[in-house]
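Numbering (the working numbering), first residue to last: 183 to 364.
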């Protein structure tokens, strides 16, 4: 499985591609950051992020795209930019018919370090170990993108199995009509 992880942001959008399977050795295919100038208009920045992600999709041909799920922060302006960059990543993937998975920061931290409260240094350290790198990828956005890809590789088989079970259950359980509509 080849996954493009995207750590969305308007100024620095981390991107990382990991290849592997649950229980098997993981390999980093590529890592980087799509940068936009802070003084540029938001619409222009989003176009630059789109172009950058499209280049990563063209070059690395992932089978899945894992994006950090935006969560509420204290700074509404920051969360808006992150959400907009996240939407661009999802749009680029959907345009190509690639499945998109959203993972929360604590889910990613727990998958990679064993603790949902790990700090950036711990995530970077574990990404370095898991991918057998010489040093943690810099900036932290790049390491976070790789962590997202790793999280998806490890969690996707279980999530897919749960979806299959739920779908099978829905098809065998008769639909219940609300009271008074029979």
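No residue lacks a Cβ here, since even glycine has one placed at the ideal position from N, Cα and C.
Heavy atom of the ligand MG within 7 Å of residue i beta-carbon
i           : result
residue 328 : In terms of ligand content, the structure shown is empty, and the ligand MG therefore cannot be addressed.
Residues bridged to residue i (per DSSP)
i           : result
residue 308 : Answer by DSSP bridge pairing: none, since residue 308 is not bridged.
residue 195 : 216
residue 250 : 285
residue 298 : Note: residue 298 sits in no beta bridge, so no partner.
residue 210 : 200
Candidates the options, of which the one nearest residue i by Cα
i           : options            : result
residue 199 : 241, 230, 226      : 241
residue 251 : 290, 320, 193      : 290
residue 285 : 258, 320, 197, 330 : 330
residue 297 : 243, 248, 333      : 333
residue 311 : 261, 295, 300, 321 : 295
residue 235 : 197, 201, 224, 222 : 197
residue 209 : 261, 183, 337, 262 : 183
Span separating the alpha-carbon of residue i from that of residue j
i           : j           : result
residue 293 : residue 281 : 20 Å
residue 192 : residue 259 : 11 Å
residue 253 : residue 264 : 9 Å
residue 319 : residue 201 : 17 Å
residue 321 : residue 350 : 43 Å
residue 224 : residue 278 : 24 Å
residue 222 : residue 230 : 10 Å
residue 337 : residue 300 : 18 Å
residue 220 : residue 256 : 20 Å
residue 206 : residue 317 : 21 Å
Test item: CB-CB of residue i and residue j under 8 Å
i           : j           : result
residue 228 : residue 274 : no
residue 244 : residue 186 : yes
residue 246 : residue 276 : no
residue 188 : residue 261 : no
residue 204 : residue 339 : yes
residue 194 : residue 217 : yes
Q | Segment contact flag, the stretch 323 to 331 with the stretch 213 to 232, C-beta cutoff 8 Å, min 3 pairs | A | Enough Cβ pairs lie closer than 8 Å, so yes.
Q | Touching by the beta-carbon criterion (3+ pairs, under 8 Å), the stretch 303 to 314 and the stretch 261 to 279 | A | no
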